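Just add 3 to wherever you are in the sequence shown, counting from 1, and you've got the working numbering. Note sheet for the following structure.
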Amino acid sequence: MNPRLTKSQQRTNCSQLGRVKLQLLYKASIHGFTGAAFHQRCDTRSPTVSVGYNASGFVFGGYIKQPFSQSGQYVNDDQAFLFTFSREKLLKYPVTVPANAVRMININGPHFGDTLVLVHGSKPVVYNCPGKFYNFNPAEMHGNNLNLTECEVYQVEGDVTQIDDLKRQNITCSCRTRTELMESIKSYKPTVSSVSQVRVLLIGPVGAGKSSFFNSINSVFRGHVTSQAISGSSTTSLTTQFRTCALKAGREGKPLPIILCDTMGLEESTGSGLDIDDIRSSLKVICQTDIRYIILLHGSSYLKDKIHCVTYVIDACKVSIMPTKMAEKLEATRKKVNLMGQSTLVPLTVFYAEHYRRRLGPLINIIYCSSVQHKLLALTVLNV
C-alpha cells in the first residue's frame, strides 16, 4: 500500500508535529470510500493526519490528537488543525472552537467538527462549512472541487507509545541533571588562586531579560522566588547603571563562586542605552595571554576585579525579527569583546513553549531537543 502523500509533503507535515513519522492506515481507493471501511481501520488510532485529494490537484486535510470512534459525539481537541498544500508550502487553519474540533459519525470518514468532512455520507465527496469551528477559504483549501479522487489517513508515530515514557525520563533526568549542575557550580574553583569568584558581564537588548535571568538563577539557588534585580517591561532600560549581583546557596548559605554584572540594555538609536564604547570601560580586560604581565605589574589580586566572561542575553522570540540596527550593534559589540580575548556565552530567554505548541504538538515536552530549537540556535548564531 503506497502512500500518495509525497515524501516532501510528509516531511512538511511532520515538521509541525515534532520528530515523528507517518504510517498509512487507510486508503480509500483500496479499502473503499465508506465510513465503515474508514472506522474499521482507523478507530482508536491517534494522533492522525487525514488527507483528501481532488482532480484539481489540491491536497488538503486535518490533524487531530484524539482517536476516532463512532460515538456520534463532539470531541475536544485544542491541538487540531486543518491544512492545505500550496505547492510544497503548508497552510494551517487552527481549530477555533476546541470543544467541537472533531465529531465521530459512523457513516462519514474523517469528520472535523461539521466544518470539513472527508468521505461524506460514505461517498467520495467533501462536505465543508468554513467558519463554524475552523476558518478557511474554500477556494484556497480545495479549489471548490468537492469530489475526491483519494482519501488517506496516517497515524502519527513516535509519540503515542513513547510520550509518557519520555515525560517520565525527562522528569527524572531533569531532576538529576539539575542537582548535578547546581553542585558543580557550588564547588567550582577558578584556576587562578587569587580569584575566588568569576565575574560574568550580561549584555543584551532592552527587554531581553538580563535582570530576570539573574533573578531566575538566584531563585534556583535560594530555594524560593526572589526579585533582587529590578525587572519588568519598558521601552527603555530599567537598569540604569553598572552593578554587581552576588549569588548565594540558600538564604544563609555561602556565596557562590560567580558574580553576575548587569548593565544597561542595548538600544537601536544612537546615544540611547548602553554605548558600545562604554563596554571596554566596563570590561577593563587584558587578554588571558597577558596574565603574567598583569601579575607582575599590578599583583595577582588585580585579576579578581576583572570581567572573566561576557554573556549575551537574547530574547528567543525576537531573533527572527531583530531590527537591522540592533543586529549591527550586537555584531559591533561582539567584535570589540572578541578583540579583548573574552570568553562568551549566549543564553536564549523568553522561550515560550506555548508559542511552539502547534508546531510540536504532543512532543512539546522535549522542545529543547527539537528541530525548532536547533533552527533557532542557528538563526541566533547568524544574528549575534
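Note that beta-carbon positions come from the ideal geometry of N, C-alpha and C, so glycine has one too. Being a predicted model, the structure only gives us computed values, none of them experimental.
For a test of the three-state rule: what should DSSP assign to residue i, helix, strand or coil?
| i | result |
| --- | --- |
| Gln345 | coil |
| Thr118 | coil |
| Glu153 | strand |
| Cys264 | strand |
| Lys30 | strand |
| Ile324 | coil |
| Asn388 | With the chain covering only 4 through 387, there is no way to say anything about residue 388. |
| Lys307 | helix |
| Lys251 | strand |
| Leu300 | Any reading at Leu300 must be qualified, since the residue scores a pLDDT of 43, below 50, and its modelled position is unreliable; the value itself is stated next. Three-state DSSP puts Leu300 in a helix. |
| Leu277 | coil |
| Leu8 | coil |
| Phe41 | helix |
| Lys338 | helix |
| Lys257 | coil |
| Lys332 | helix |
| Ile206 | strand |
Can you tell which of the options has the C-alpha that lies nearest to the C-alpha of residue i?
| i | options | result |
| --- | --- | --- |
| Ala40 | Tyr56, Thr15, Gly64 and Phe71 | Phe71 |
| Thr9 | Met185, Glu270, Phe88 and Gly207 | Phe88 |
| Gln76 | Tyr157, Asp117 and Ile220 | Asp117 |
| Arg181 | Gly256, Tyr137, Cys320 and Val223 | Val223 |
| Ile110 | Gln73, Asp308, Ser199 and Phe136 | Gln73 |
| Thr336 | Gly256, Gly226 and Val313 | Val313 |
| Val122 | Thr37, Phe217 and Ile261 | Thr37 |
| Val54 | Ile317, Ser323, Ser196 and Met144 | Met144 |
| Val98 | Gln345, Glu91 and Pro133 | Pro133 |
| Asn103 | Ala83, Asn5 and Met267 | Ala83 |
| Ser18 | Met4, Gly161, Phe61 and Cys320 | Gly161 |
| Ile262 | Glu255, Asp318 and Val198 | Val198 |
| Pro258 | Leu205, Ser230 and Ser190 | Ser190 |
| Ile310 | Ser11, Gly344 and Leu184 | Gly344 |
| Gly112 | Val349, Thr194 and Tyr29 | Tyr29 |
| Gly60 | Asn148, Arg22 and Val349 | Asn148 |
| Asp265 | Thr194, Leu20 and Tyr315 | Tyr315 |
| Val201 | Arg246, Tyr66 and Pro260 | Pro260 |
DSSP puts residue i in a beta bridge; with which residues?
| i | result |
| --- | --- |
| Val105 | Val78 |
| Val228 | None, per the DSSP bridge assignment. |
| Val98 | Tyr137 |
| Gly65 | Ser53 and Leu85 |
| Tyr130 | Val120 |
| Gln158 | Gln26 and Thr51 |
| Phe216 | Paired residue(s): none; Phe216 is not in a bridge. |
| Cys17 | BP columns for Cys17 are empty, so no partner. |
| Leu93 | Phe88 |
| Gln201 | Rather than Gln, the amino acid found at residue 201 in this sequence is Val. The partner list for Val201 (beta bridge, DSSP) reads Ile261. |
| Arg246 | Asp265 |
| Phe71 | Asp46 |
Give every residue of the same chain whose Cβ lies closer than 6 Å to the Cβ of residue i, excluding the five residues on either side of it in the sequence, and list them in chain order.
| i | result |
| --- | --- |
| Lys332 | Leu269 |
| Val340 | Val313 |
| Asp308 | none |
| Val228 | Ser222 |
| Gly64 | Ser53, Val54 and Gly55 |
| His114 | Arg106, Ile108 and Val120 |
| Glu91 | Ser11 |
| Thr247 | Ile262 and Cys264 |
| Lys135 | Asp117 and Thr118 |
Assuming residue i contacts residue j under a Cβ cut-off of 8 Å, what Cβ separation, rounded to an integer in Å, is found between them?
| i | j | result |
| --- | --- | --- |
| Leu93 | Tyr137 | Wrong, their Cβ atoms sit about 15 Å apart, outside the cutoff. |
| Met329 | Pro208 | 6 Å |
| Gly210 | Asp318 | 7 Å |
| Lys213 | Leu205 | 4 Å |
Excluding the 5 residues flanking residue i on each side, which residues of the same chain have their C-beta closer than 7 Å to its C-beta?
| i | result |
| --- | --- |
| Ser32 | Glu153 |
| His42 | Phe71, Gln73 and Asn109 |
| Gln69 | Ser49, Val78, Asp80 and Val105 |
| Phe139 | Leu85, Tyr96 and Pro133 |
| Arg225 | Lys251, Gly253 and Arg254 |
| His34 | Ala40 and Arg44 |
| Ala249 | Pro258 and Ile262 |
| Leu27 | Met4, Pro6, Glu155 and Tyr157 |
Identify, in the order they occur along the chain, each residue of the same chain with its Cβ nearer than 8 Å to the Cβ of residue i, setting aside the five sequence neighbours on each side.
| i | result |
| --- | --- |
| Leu25 | Pro6, Leu8, Gln13, Asn16, Cys17, Val52, Tyr157, Gln158, Val159 and Glu160 |
| Leu151 | Ala31, Phe36, Gly55, Tyr56, Asn57, Leu121, Val122, Pro127, Val128 and Val129 |
| Glu271 | Pro326, Lys328, Met329 and Lys332 |
| Val62 | Leu8, Gln12, Val54, Gly55, Tyr56, Thr87 and Phe88 |
With hydrogens ignored, establish whether the beta-carbon of residue i is closer than 7 Å to any heavy atom of the ligand FAD.
| i | result |
| --- | --- |
| Ala330 | This structure lacks the ligand FAD; in fact it carries no ligand of any kind. |
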